[in-house]
Each structure stands twice: as C-alpha cells, then as structure tokens.
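The block underneath contains the structure these notes are about, expressed in structure tokens.
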Amino acid sequence: DREARVLRYREKKKNRKFEKTIRYASRKAYAETRPRIKGRFAKRTEMDIVEADISPESSYGVVPSY
1 DREARVLRYR EKKKNRKFEK TIRYASRKAY AETRPRIKGR FAKRTEMDIV EADISPESSY
61 GVVPSY
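What follows is the structure, given as structure tokens:
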C-alpha cells in the first residue's frame, strides 16, 4: 500500500508544471483592458486625475499587452 502511494507521488512529481497557466480567458481579457497606474489596476476616476499629471508624450505607467 505504501509503495503504491510513493510510486504515485513520484509520478505526480515528474509531471509538475511550473509555468504560468491561464485558467479563465474572460478574466485575462478583462484585466488587459482595465486601466493601470504604475502596473496596478486603477479606478476610472483615479485614471482621470493621474492623466492630468502625466504629460501625453511620456509612456510612464503604460503596460504593453501582447
């Protein structure tokens, strides 16, 4: 019984994946369209305030979407 459990543990350990996986495509799409300030999500009202402080030619705080 123990040998079977250890064997199962070793098999699962071999098949582990450490790369990032996207579980919900809808959440990813929503996150990509949300406004960000310095890489963090911001409310629309906060975005209007910060846009006044940042000059239009700078790309500070803009997160590229691939």
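Going by UniProt numbering, the residue at position 55 of the sequence shown is 55; the numbering climbs one at a time, nothing skipped. Ideal Cβ placement from N, Cα and C applies to all residues, glycine included. Values in this document were obtained by computation on a predicted structure and should not be read as measured data.
Asked                                                                                        : Found
Alpha helix (DSSP H) runs wholly inside the region 12 to 53, at least 4 long, in chain order : 25 to 33 and 44 to 53
Inter-residue spacing [alpha-carbon to alpha-carbon] between Y30 and R23                     : 13 Å
Inter-residue Cα distance where the pair is R10 and K20                                      : 22 Å
Proximity of P35 and A25 at Cβ, strictly below 8 Å                                           : no
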